[in-house]
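Student: For reference, the structure I am asking about is given below.
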Amino acid sequence: MLSRAGRSSAGFIPRATLDLPCQETVDVFLKEIKTPIRRTKLVLSVLTGESGVLERLYYKGKNQHGASLFWQRLSEMRRYSRRLQDMDLLGLLEAVRASFYSPEPTTSSKRLKGAWTHYPAAPYFTFVLGQLRVATLLTQKVCVNNAATCIDIYRFFHRLWNVSARYISQCHVLSDQSTWDLNLA
21 MLSRAGRSSA GFIPRATLDL PCQETVDVFL KEIKTPIRRT KLVLSVLTGE SGVLERLYYK
81 GKNQHGASLF WQRLSEMRRY SRRLQDMDLL GLLEAVRASF YSPEPTTSSK RLKGAWTHYP
141 AAPYFTFVLG QLRVATLLTQ KVCVNNAATC IDIYRFFHRL WNVSARYISQ CHVLSDQSTW
201 DLNLA
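By the working numbering, the letter at position 168 of the sequence shown is numbered 188, and the numbering carries on one by one without gaps.
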C-alpha cells in the first residue's frame, strides 16, 4: 500500500498560501483525476475477474501441464497479475486525490466533495510518480509478454487445427474409399 512517509501536516502547504494560478491548476487537476480513477476502477474490476479465471485455469491443470511452455507462460502471467494487484493503483490514485483535502491518511467521501485545503509536499508527489512509473513499466511488460503468449497459443492451436484438418481429410478419403469399395462389391 501507499507509504505515509511525508504525510505529516508539516509536509503540506495550506491552500491560502498558494498563488491563484497554482490554485487554479490544482482545481483542474482534481477535476481531471476523477475520470482516470473511474476508469481504473472499471479496468481493475475486469482484471480481477480475469485473474480469477487465470487462477482457476492454473490450478486445474498445473499438475498435468507443469512442464509445458504454455503453462510456464500462464504462470508468468499469473505472477504479473498478482504484482499489479499488489501495487493497488486505485488506492494510490485515491490517496493522491484525498491528500489535497486532509493531511490525515483517511478522508471521508463527504470531505472530498468540498473545497481542497492542502497541497502535498514535493517528496509525496515524487513517491507517487515513482509508483506510477513502476506500474506503467510493469503493464507495458505484461502487454509485450501477453502478445507473445497469444502468438504462441495461436501457433499451438493452428498446428492443432492443421493436424485435425489432415486427420478429418484422411477420414473423409477413407470413408469415400470404403464407400467406393462397398459399391464395387
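Virtual Cβ for every residue (Gly too), placed ideally from N, Cα, C.
Which runs of the beta strand (DSSP E) fall wholly inside the stretch 26–111 and span at least 3 residues, in chain order?
Tutor: Correct list: 32–34.
Student: Of all the options L112, Y78, D108, which has the alpha carbon lying nearest to the alpha carbon of R98?
Tutor: Looking at the Cα atoms, Y78 is the closest of the given residues.
Student: Run through DSSP, which three-state label would Q140 get?
Tutor: Reading off the sequence shown, one finds Pro at residue 140, where the question assumed Gln. The answer is strand: DSSP assigns P140 an E or B state.
Student: Among S71, V46, Q105, which residue has its Cα nearest to the Cα of L94?
Tutor: The option with the nearest alpha carbon to L94 is S71.
Student: With H, G and I counted as helix, E and B as strand and the rest as coil, what does DSSP make of E124?
Tutor: DSSP places E124 in coil when its eight states are reduced to three.
Student: Secondary structure at G150, three-state DSSP: helix, strand or coil?
Tutor: DSSP places G150 in helix when its eight states are reduced to three.
Student: In whole angstroms, what is the alpha-carbon distance linking T37 and T137?
Tutor: Their Cα atoms are separated by approximately 10 Å.
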